[in-house]
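Worksheet: the structure to be examined is printed underneath.
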Amino acid sequence: MSELGPADEALMVDADVLDSAGTRIGSVTEVYRSDNTQHPSFVAVDLGDAVRFVPVEGAEVTAGVLRVAFGEELVRSAPEYDAEGGQLEPADAALLYDHYGLPHGLPYQQGSAS
875 MSELGPADEA
885 LMVDADVLDS
895 AGTRIGSVTE
905 VYRSDNTQHP
915 SFVAVDLGDA
925 VRFVPVEGAE
935 VTAGVLRVAF
945 GEELVRSAPE
955 YDAEGGQLEP
965 ADAALLYDHY
975 GLPHGLPYQQ
985 GSAS
(Lines of atoms letter the chains of each structure in order from A; the text may use other names.)
(Lines give C-alpha, C1' and ligand atoms only; values in the text may rest on other atoms or scores of the structure.)
Protein backbone atom coordinates (compact mmCIF):
# COMPACT_ATOMS: atom_id res chain seq x y z
CA MET A 875 0.00 0.00 0.00
CA SER A 876 1.54 3.31 -1.07
CA GLU A 877 1.03 6.82 0.24
CA LEU A 878 -1.94 8.64 -1.26
CA GLY A 879 -0.91 11.59 -3.39
CA PRO A 880 -2.51 14.68 -4.90
CA ALA A 881 -3.82 12.66 -7.86
CA ASP A 882 -5.86 10.50 -5.46
CA GLU A 883 -7.75 13.49 -4.08
CA ALA A 884 -10.26 13.53 -6.95
CA LEU A 885 -11.09 9.88 -6.24
CA MET A 886 -11.80 10.68 -2.58
CA VAL A 887 -14.25 13.55 -3.03
CA ASP A 888 -17.78 12.30 -2.23
CA ALA A 889 -16.49 8.70 -1.92
CA ASP A 890 -18.22 6.16 0.28
CA VAL A 891 -16.05 5.47 3.33
CA LEU A 892 -15.53 1.90 4.50
CA ASP A 893 -13.98 1.10 7.86
CA SER A 894 -11.18 -1.43 8.34
CA ALA A 895 -13.76 -4.26 8.39
CA GLY A 896 -15.24 -3.16 5.06
CA THR A 897 -18.46 -1.72 6.54
CA ARG A 898 -19.76 1.52 5.03
CA ILE A 899 -19.63 4.20 7.73
CA GLY A 900 -20.24 7.39 5.77
CA SER A 901 -19.04 9.58 2.93
CA VAL A 902 -16.18 12.01 2.36
CA THR A 903 -17.26 15.65 2.57
CA GLU A 904 -13.83 17.24 2.26
CA VAL A 905 -10.17 16.34 1.77
CA TYR A 906 -7.47 18.12 3.80
CA ARG A 907 -3.87 18.33 2.57
CA SER A 908 -0.63 18.51 4.51
CA ASP A 909 0.85 22.01 4.35
CA ASN A 910 4.29 20.47 3.87
CA THR A 911 3.65 17.90 1.14
CA GLN A 912 0.30 18.95 -0.33
CA HIS A 913 -0.66 15.26 -0.14
CA PRO A 914 -4.02 14.33 1.39
CA SER A 915 -3.65 13.83 5.14
CA PHE A 916 -7.22 13.79 6.51
CA VAL A 917 -10.74 13.44 5.19
CA ALA A 918 -13.89 14.77 6.83
CA VAL A 919 -16.38 11.90 6.97
CA ASP A 920 -20.13 12.47 7.31
CA LEU A 921 -21.32 9.62 9.54
CA GLY A 922 -24.98 10.62 9.23
CA ASP A 923 -25.25 12.05 12.73
CA ALA A 924 -21.80 13.67 12.98
CA VAL A 925 -18.73 14.60 10.95
CA ARG A 926 -15.34 13.25 12.02
CA PHE A 927 -11.81 13.68 10.69
CA VAL A 928 -10.00 10.50 9.67
CA PRO A 929 -6.33 10.23 8.64
CA VAL A 930 -5.79 8.78 5.18
CA GLU A 931 -2.62 7.00 6.31
CA GLY A 932 -3.04 3.34 5.45
CA ALA A 933 -6.18 4.02 3.38
CA GLU A 934 -6.93 2.59 -0.04
CA VAL A 935 -8.91 4.51 -2.63
CA THR A 936 -10.67 3.49 -5.82
CA ALA A 937 -13.26 5.39 -7.81
CA GLY A 938 -16.07 6.13 -5.37
CA VAL A 939 -14.71 4.18 -2.38
CA LEU A 940 -12.21 5.07 0.36
CA ARG A 941 -11.34 2.25 2.75
CA VAL A 942 -9.71 3.65 5.89
CA ALA A 943 -7.42 1.74 8.25
CA PHE A 944 -9.60 2.30 11.33
CA GLY A 945 -12.72 0.74 12.82
CA GLU A 946 -16.05 2.55 13.01
CA GLU A 947 -15.96 2.92 16.81
CA LEU A 948 -12.55 4.60 16.72
CA VAL A 949 -13.78 6.98 14.01
CA ARG A 950 -17.00 7.79 15.91
CA SER A 951 -15.07 8.46 19.13
CA ALA A 952 -12.66 10.91 17.45
CA PRO A 953 -12.68 14.49 18.74
CA GLU A 954 -14.90 16.97 16.88
CA TYR A 955 -13.30 19.94 15.13
CA ASP A 956 -14.49 22.75 12.92
CA ALA A 957 -11.86 23.27 10.23
CA GLU A 958 -12.58 26.86 9.28
CA GLY A 959 -11.37 27.90 5.87
CA GLY A 960 -10.50 24.34 4.91
CA GLN A 961 -7.61 24.24 7.38
CA LEU A 962 -7.09 21.87 10.28
CA GLU A 963 -4.90 23.52 12.91
CA PRO A 964 -1.60 21.69 13.63
CA ALA A 965 -2.54 21.21 17.30
CA ASP A 966 -5.87 19.65 16.30
CA ALA A 967 -4.14 17.41 13.74
CA ALA A 968 -1.67 16.26 16.42
CA LEU A 969 -4.49 15.33 18.79
CA LEU A 970 -6.26 13.45 16.00
CA TYR A 971 -3.10 11.53 15.13
CA ASP A 972 -2.78 10.64 18.82
CA HIS A 973 -6.41 9.47 18.91
CA TYR A 974 -5.78 7.15 15.97
CA GLY A 975 -2.46 5.95 17.43
CA LEU A 976 -0.33 7.36 14.61
CA PRO A 977 3.07 9.05 14.92
CA HIS A 978 3.13 12.65 13.79
CA GLY A 979 5.96 14.75 15.21
CA LEU A 980 3.64 17.76 15.51
CA PRO A 981 4.01 19.91 18.63
CA TYR A 982 0.87 20.68 20.59
CA GLN A 983 -0.30 21.57 24.05
CA GLN A 984 -2.92 19.57 25.90
CA GLY A 985 -6.25 21.33 25.90
CA SER A 986 -5.58 23.24 22.71
CA ALA A 987 -8.38 21.52 20.81
CA SER A 988 -11.29 23.70 19.77
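Residue numbers (our numbering): 875 to 988.
For every residue, glycine included, the Cβ atom is placed at its ideal position computed from N, Cα and C.
Remember, predicted model here, so these are calculated numbers, not experimental data.
### Query
Going by the C-beta, is alanine 965 closer than 7 Å to any heavy atom of the ligand SAM?
As for the ligand SAM, it is missing from this structure, which has no ligand bound.
### Task
Would you check if there are 3 or more beta carbon pairs closer than 8 Å linking the stretch 923 to 940 to the stretch 879 to 889?
yes
### Rounded separation between proline 964 and threonine 903 - CA only
Taking the sequence shown and counting its residues from 1, the one referred to as residue 964 is at position 90. Taking the sequence shown and counting its residues from 1, the one referred to as residue 903 is at position 29. Straight through space, the alpha carbons of threonine 903 and proline 964 are spaced by roughly 20 Å.
### Query
DSSP beta-bridge partners for leucine 948?
Here the question's residue 948 lines up with position 74 in the sequence shown. In the DSSP output, where bridge partners are listed per residue, leucine 948 has none listed.
### Cβ-based burial, proline 977 [other Cβ within 10 Å; buried from 16]
Working through the sequence shown from its first residue, we reach residue 977 at position 103. Classification of proline 977: exposed, given that the 10 Å Cβ count is below 16.
### Query
How big is the Cα-Cα spacing for threonine 897 and valine 928?
Position 23 of the sequence shown, counted from the first residue, corresponds to residue 897. Position 54 of the sequence shown, counted from the first residue, corresponds to residue 928. Cα to Cα, the separation comes out at about 15 Å.
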